[in-house]
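Have a look at the structure below, then the notes.
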Amino acid sequence: MRSTPLYDVSREGQSIWFDTISRQLVRDGGLQRLLDEFAVVGVTSNPTIFEKAIAGSGDYDAEIRTLAEEGLDASAIYERLATDDIRTACNVLLPLYERSGHVDGRVSIEVSPYLARDAEATIAEARRLWQTVDRPNLMVKIPGTPEGIPAIEQAIAEGLSVNVTLLFAVSLYEQVMEAYLRGLERRVVAGQPIDQIHSVASFFVSRVDTMVDKELEAKIAAAGDPAEQARLRALLGKTAIANAKVAYQAFLRVFSGPRWAALRARGGNLQRPLWASTSTKNPAYPDTLYIAELVGPDTVNTVPENALLAFADHGAVRGATILEDIDGAQAVLAELAAAGIDMRDITERRLVDEGVRSFAASFDSLIGTIAERRTAGMGVV
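To convert, note that position 348 of the sequence shown is 337 in my numbering; the numbers rise steadily by one, no gaps.
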């Protein structure tokens, strides 16, 4: 099945990671099949994914009961369940991790969304998760919030591999890349190796179109001039890809020149852009849109199951699309500004706040589900 278009993506230098995890997937051969047949070379998780895995099946109930009998509360039970699944996934991916020179074969686990605005608590939890899972191919996910950026630098300086999540704004992405470089430089100054530290920066895609399109639709409805309506309508579904292309140009700028060359000479690894939130939310758009239009070297696309299967079935790769028509991408962002769309407010504040709230709500629901099953398993009424 190596003729699937997903392998064409890989040949362009982009790694396909799978944005889902569950006990059944990692223990019953499903993950290995994805590696063997769908070009998958990594796994990502988040609180919403674990909520679906745990609340949506009975696969964890026996262990919840056992851990409850050991006296663990709901939060501690969640961490045990999640770190066990992540460790098992790391074990499955370890041979691929070795074959790829430690670039791929990565599995990501996220710090608690409750800590997104607390740098000290974030780095403390990142250390603990790193030590608990205890696998070299782990990545700890830290949000790219203003408060998360110093935690990212500190984690890199301490030798952790980090997946920076919840990035929407190019401005914050630039700060994240700077934090990564500073973390590596601190290790060099301290005489510590940097060749085993890897990082990705997860730049969210479809959620940008969802929010911007909503504003555009409101402006289209309010516009009285048909020409103005047509101009605004032409921008629908264009923002997310344009934003990602501009972000990739920032990546190319930062990871070039003498500063990066000095780190590279000491074994430093690129902090690759990772395209996240790449399932198509709007049924009017192609279901392969956020894969086909974001292909490029030294990148990752973490793909949920529906998008993975869609692209394997009918996706097409026409080369490194992330490098196509950069002037056009910049023009889209300029036209949005001219139309009164405040991209800075959307990407630096609103989408980040929405993402943090969404993950926290999933975490609340997950802990509540575990608490209910814990109580039921202990026979408490």
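Here a beta-carbon is modelled for each residue, glycine too, at the ideal position from N, C-alpha and C.
Treat the numbers as computed from the prediction; the structure is a model and nothing was measured.
Query	Result
Give the secondary structure of residue 24 by DSSP, where H, G and I count as helix, E and B as strand, and everything else as coil.	helix
Is the Cβ-Cβ distance between residue 267 and residue 194 less than 7 Å?	yes
Which residues does DSSP pair with residue 7 in a beta bridge?	32, 292
Taking only the alpha-carbon atoms, compute the straight-line gap between residue 249 and residue 156 and give it to the nearest angstrom.	22 Å
Can we say the stretch 127 to 137 touches the stretch 83 to 100, given the rule of at least three CB pairs closer than 8 Å?	yes
Let me know the beta strand (DSSP E) ranges lying completely inside the stretch 104 to 178, each 3 residues or longer, listed in chain order.	127 to 132, 151 to 156
Please return the same chain residues whose Cβ sits closer than 7 Å to the Cβ of residue 370, not counting the five positions on each side in sequence.	Only weak support exists for where residue 370 lies, its pLDDT of 36 falling under 50; the value from the coordinates is given anyway. Nothing meets the Cβ criterion.
Suppose the cutoff is 7 Å on Cβ atoms and the five residues either side in sequence are ignored; what does the same chain contact list for residue 299 look like?	276, 277
Identify, in the order they occur along the chain, each residue of the same chain with its Cβ nearer than 6 Å to the Cβ of residue 242, setting aside the five sequence neighbours on each side.	none
Name, in chain order, the residues that DSSP records as bridge partners for residue 96.	32, 127
I'd like the span of the beta strand (DSSP E) that includes residue 260, first residue to last.	260 to 265
Tell me the DSSP secondary structure of residue 190 in three-state form.	strand
I'd like the list of long-range same chain contacts for residue 265, defined as Cβ closer than 6 Å, with 5 residues on each side in sequence excluded.	191, 193, 291
Is the distance from the Cβ of residue 94 to the Cβ of residue 82 below 7 Å?	yes
Mapping DSSP to helix, strand and coil, what is residue 227?	coil
For the 8 Å Cβ check, are there 3 or more pairs between the stretch 279 to 298 and the stretch -5 to 3?	yes
Give the straight-line distance between the Cα atoms of residue 47 and residue 110, rounded to the nearest whole angstrom.	32 Å
Using only CA atoms, which one of 121, 160, 107, 161 lies nearest to residue 140?	107
Would you kindly report the start and end of the unbroken alpha helix (DSSP H) that includes residue 319?	315 to 327
What did DSSP end up calling residue 232 once you bin it into helix, strand or coil?	helix
From 161, 143, 151, pick the residue whose C-alpha is nearest to that of residue 134; which is it?	161
Do residue 210 and residue 172 have their CB atoms nearer than 7 Å?	no
With residue 348 and residue 35 assumed to form a contact (beta carbons below 8 Å), what rounded beta-carbon distance in angstroms separates them?	6 Å
So, with DSSP's three-state summary, where would you put residue 303?	helix
On the CB-based measure, 16 or more other CB atoms within 10 Å of its CB, does residue 321 come out buried or exposed?	buried
Check the C-beta distance from residue 286 over to residue 251 and give it rounded, since I have them as a contact under 8 Å.	Not a contact, Cβ separation roughly 22 Å.
Counting only beta-carbon atoms, is residue 299 nearer than 7 Å to chain D?	The displayed structure is made up of one protein chain only, and chain D is not part of it.
Do residue 72 and residue 15 have their C-beta atoms closer together than 7 Å?	no
Can you give me the start and stop residues for the alpha helix (DSSP H) that residue 222 sits inside?	215 to 222
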